[in-house]
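Shown next, in structure tokens, is the structure this report addresses.
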Ligand SMILES: NC(=O)c1ccc[n+]([C@@H]2O[C@H](COP(=O)([O-])OP(=O)(O)OC[C@H]3O[C@@H](n4cnc5c(N)ncnc54)[C@H](OP(=O)(O)O)[C@@H]3O)[C@@H](O)[C@H]2O)c1
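Numbering (my numbering), first residue to last: 567 to 895.
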């Protein structure tokens, strides 16, 4: 990619769609020599983020808890992107104590990180509350605390790049949620949909607060929050053996395409947030059509998400729960 304008000195994010520079989701700019990490890059949206970033000539590292699944994903990308530069690093976001070792192994393979996409996520339907091995509610612990702690360990690699980005994948579902700062772990009132939405909202507060703290620290790293809209497997092109969409499933899902999209398109916001030199730290990006499908565009930061006092309290709680601080002062 040609030189990107520094995100560190960036002004407040644009909230106007009228001024959005054009962007071709099917032809993102080349980025040879750059290094990107995608958590959960072995499946779903994360796989397509990795595939699309690989096509830019960059080195893409798949963070995956299962090396065999990472191998399948890399084989699929190589079949589509000749000469793709790929690596995998074993990474379980539900196990906080494993993350320093995961990042150590990454540090042996790459000298810097130009972006990390915090994509991995777990969404449970079961009515019974589950916990990580560390004793955190599973979705809050994996989706939010896992990425919070991972950012801490990745910071030296990110700081070694000229202008790195942390791209956090949130969810449109978080727009209608509010955090319960007195019960972040959903111990008192567990409902799976609410706990998931709150875990995604926590991630989004984190992404916003991270940018404020990085700016205050004079860091060259910027933080951007994105969401993929609604992304269904049944609208997602096949990538056998990772994902196979039958003709029947595609036909049955066709009406849903009026409202939502597949995971290939769900990757577009994150890919733009990684590559577009015009994307600014502290920004929120999502699909153009009702926030659910279509090409990525900047969104006005949701009113509750702009509440820096909630974000700061969540940060303090997350620091205590993980014993780490991504931007230690
Ligand atoms: N799909 C949607 O409509 C939608 C909407 C809004 C937001 N999102 C967000 O977009 C992201 C991707 O969603 P998706 O639909 O692509 O999900 P997905 O197909 O279920 O893929 C989730 C990915 O996260 C990985 N993962 C789960 N737990 C992990 C852990 N403990 N450690 C490391 N990796 C872990 C999975 O690895 P395994 O293969 O090992 O399970 C998989 O690679 C998530 O953050 C999700 O919350 C999705």
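No residue lacks a Cβ here, since even glycine has one placed at the ideal position from N, Cα and C. From a predicted model like this one, the values you see are computed outputs, not experimental measurements.
Review point. Just to check, is the beta-carbon of residue 794 closer than 7 angstroms to a non-hydrogen atom of ligand 1?
Key: The residue you call residue 794 lines up with position 228 of the chain shown. Yes, the beta carbon of residue 794 sits closer than 7 angstroms to at least one heavy atom of ligand 1.
Review point. Is it right to say residue 769 is buried, meaning 16 or more other beta carbons lie within 10 angstroms of its own, or is it exposed?
Key: Along the chain shown, one-based indexing puts residue 769 at 203. Burial call: buried.
Exercise for review: Could you pull the start and end residues of the alpha helix (DSSP H) that residue 805 belongs to?
Suggested key: The residue given as residue 805 occupies position 239 in the chain shown. No alpha helix (DSSP H) holds residue 805; DSSP gives it neither H nor E.
Exercise for review: Could you check which residue in 738, 702 and 724 has the C-alpha nearest to that of residue 826?
Suggested key: The residue you call residue 826 lines up with position 260 of the chain shown. Ranking 738, 702 and 724 by Cα distance to residue 826 puts 738 first.
Point to revise | Distance, residue 641 Cα to residue 868 Cα | key: Residue 868 sits at position 302 when you count from the first residue of the chain shown. Residue 641 sits at position 75 when you count from the first residue of the chain shown. Residue 868 and residue 641 have their C-alpha atoms some 39 angstroms from each other.
Point to revise | Residue closest to residue 810, alpha-carbon to alpha-carbon, out of 740, 751, 609 and 844 | key: Residue mapping note: residue 810 aligns to position 244 of the chain shown, counting from 1. When only C-alpha atoms are compared, the closest one is 609.
Point to revise | C-alpha distance - residue 572 paired with residue 716, whole-angstrom precision | key: Taking the first residue of the chain shown as position 1, residue 572 is located at position 6. Taking the first residue of the chain shown as position 1, residue 716 is located at position 150. Any reading at residue 572 needs caution, since the residue's pLDDT is 32, under 50, leaving its predicted position unreliable; the model's value is listed next. When rounded, the distance between both Cα atoms is 23 angstroms.
Check your understanding: From 793, 725, 693 and 753, pick the residue whose C-alpha is nearest to that of residue 734; which is it?
Key -> Looking up residue 734 in the chain shown gives position 168. Minimum Cα distance to residue 734 is reached at 793.
**Study point:** alpha helix (DSSP H) segments (min. 4 residues) lying fully within the region 792-875
**Key:** 813-819, 829-832 and 834-841
Check your understanding: Any chance the region 585-604 sits against the region 675-682, with 3 or more Cβ pairs inside 8 angstroms?
Key -> yes
Practice item. Take the Cβ of residue 617 as the centre, count every other Cβ of all protein chains shown within 10 Å, and call the residue buried at 16 or more, exposed below. Key: Along the chain shown, one-based indexing puts residue 617 at 51. Looking at its Cβ environment, which holds 16 or more other Cβ atoms inside 10 Å, residue 617 is buried.
Check your understanding: How would you call residue 842, buried or exposed, if buried means at least 16 neighbouring beta carbons within 10 angstroms?
Key -> In the chain shown, the residue the question calls residue 842 occupies position 276. Residue 842 comes out buried.
Check your understanding: According to DSSP, is residue 516 helix, strand or coil?
Key -> Absent from the model: residue 516. The displayed extent of the chain is 567 to 895, so no value can be given.
**Study point:** Three-way DSSP call (helix, strand, coil) for residue 625 in this model
**Key:** Your numbering for residue 625 matches position 59 in the chain shown. In the structure shown, residue 625 falls within a strand segment according to DSSP collapsed to helix, strand and coil.
Review point. The alpha helix (DSSP H) with residue 714 in it runs from where to where?
Key: To locate residue 714, count along the chain shown from 1; it is residue 148. Where residue 714 is concerned, the enclosing alpha helix (DSSP H) stretches over 713-725.
Point to revise | Whole-angstrom distance between residue 762 and residue 815, CA atom to CA atom | key: As a first step, residue 815 must be located in the chain shown, where it is residue number 249. As a first step, residue 762 must be located in the chain shown, where it is residue number 196. If you take the alpha carbons of residue 815 and residue 762, they lie about 26 angstroms apart.
Check your understanding: If we call anything under 8 angstroms between Cβ atoms a contact, is residue 808 one with residue 638?
Key -> Mapped onto the chain shown, residue 808 falls at position 242. Mapped onto the chain shown, residue 638 falls at position 72. Yes, these two residues count as a Cβ contact at 8 angstroms.
Exercise for review: Could you give the DSSP three-state label for residue 569: helix, strand or coil?
Suggested key: Here residue 569 refers to the residue found at position 3 when the chain shown is read from its first residue. Legend: pLDDT at residue 569 = 32, less than 50; position of this residue unreliable, no value from coordinates given.
Practice item. Just confirm the distance between the C-beta atoms of residue 854 and residue 860, as a whole number of angstroms; I'd bet it's less than 8 angstroms. Key: Position 288 of the chain shown holds residue 854. Position 294 of the chain shown holds residue 860. Confirmed, Cβ separation roughly 4 angstroms.
Practice item. Decide if the region 584-594 is in contact with the region 693-701; the criterion is three or more beta carbon pairs, one per stretch, under 8 angstroms apart. Key: no
Point to revise | Assigned secondary structure, residue 630 (DSSP; H/G/I helix, E/B strand, else coil) | key: In the chain shown, residue 630 corresponds to position 64, counting from 1. In the structure shown, residue 630 adopts extended strand secondary structure according to DSSP, grouped into three states.
Exercise for review: Report the residue from 736, 726 and 765 whose alpha carbon sits nearest the alpha carbon of residue 708.
Suggested key: Locating residue 708 in the chain shown gives position 142, counting from the first residue. Looking at the Cα atoms, 765 is the closest of the given residues.
Check your understanding: For the region 611-699, which segments carrying the alpha helix (DSSP H) assignment without a break, of at least 4 residues, lie completely within its bounds, in sequence order?
Key -> 633-646 and 665-675
Exercise for review: Could you give the DSSP three-state label for residue 703: helix, strand or coil?
Suggested key: Counting from 1 along the chain shown, the entry for residue 703 is found at position 137. Strand, per DSSP.
**Study point:** Beta-carbon proximity check, residue 720 vs residue 669, cutoff 8 angstroms
**Key:** On the chain shown, position 154 is the one that residue 720 refers to. On the chain shown, position 103 is the one that residue 669 refers to. Yes. Within cutoff.
Review point. Comparing the CB of residue 737 with every heavy atom of ligand 1, is any distance shorter than 7 angstroms?
Key: Within the chain shown, residue 737 is the residue found at index 171, counting from 1. The answer is yes for residue 737.
Point to revise | Element boundaries [beta strand (DSSP E), containing residue 729] | key: Taking the chain shown and counting its residues from 1, the one referred to as residue 729 is at position 163. That residue, residue 729, is in no beta strand (DSSP E); it is neither H nor E in DSSP.
Practice item. Within the same chain, show all residues whose beta-carbon is closer than 7 angstroms to that of residue 892, passing over the 5 residues directly before and after it, in chain order. Key: As a working note, residue 892 is residue 326 in the chain shown. Counting only Cβ-Cβ distances below 7 angstroms, and skipping sequence neighbours, we find 714, 717, 718, 721 and 776.
Exercise for review: Give me whichever residues DSSP pairs with residue 605 in a beta bridge.
Suggested key: Position 39 of the chain shown, counted from the start, is the residue given in the question as residue 605. Its beta-bridge partners are 629.
Check your understanding: Residues in its own chain within less than 6 angstroms of residue 773 by CB, not counting five upstream and five downstream?
Key -> Mapped onto the chain shown, residue 773 falls at position 207. For residue 773, where only same-chain residues beyond five positions count, the Cβ hits under 6 angstroms are 734, 789 and 791.
**Study point:** Spatially closest choice to residue 613 from 894, 864 and 837, by CA coordinates
**Key:** Here residue 613 corresponds to residue number 47 of the chain shown, with the count starting at 1. Measuring from the Cα of residue 613, the nearest candidate turns out to be 837.
Exercise for review: Measuring alpha carbon to alpha carbon, tell me which of 824, 858 and 822 ends up nearest residue 834.
Suggested key: Position 268 of the chain shown, counted from the first residue, corresponds to residue 834. Selected option, being the one with the closest Cα: 858.
Practice item. To the nearest angstrom, report how far apart residue 583 and residue 844 are at their CA atoms. Key: Stepping through the chain shown from its first residue, residue 583 is reached at position 17. Stepping through the chain shown from its first residue, residue 844 is reached at position 278. Bear in mind that the predicted position of residue 583 carries a pLDDT of just 49, short of 50, making it unreliable; the figure below should be weighed with that in mind. Answer to the nearest angstrom: the Cα atoms are 13 angstroms apart.
Review point. With a Cβ-Cβ cutoff of 8 angstroms, do residue 701 and residue 659 count as a contact?
Key: Position 135 of the chain shown, counting from 1, holds the residue named residue 701. Position 93 of the chain shown, counting from 1, holds the residue named residue 659. Cβ distance not < 8 angstroms, so residue 701 and residue 659 don't count as in contact.
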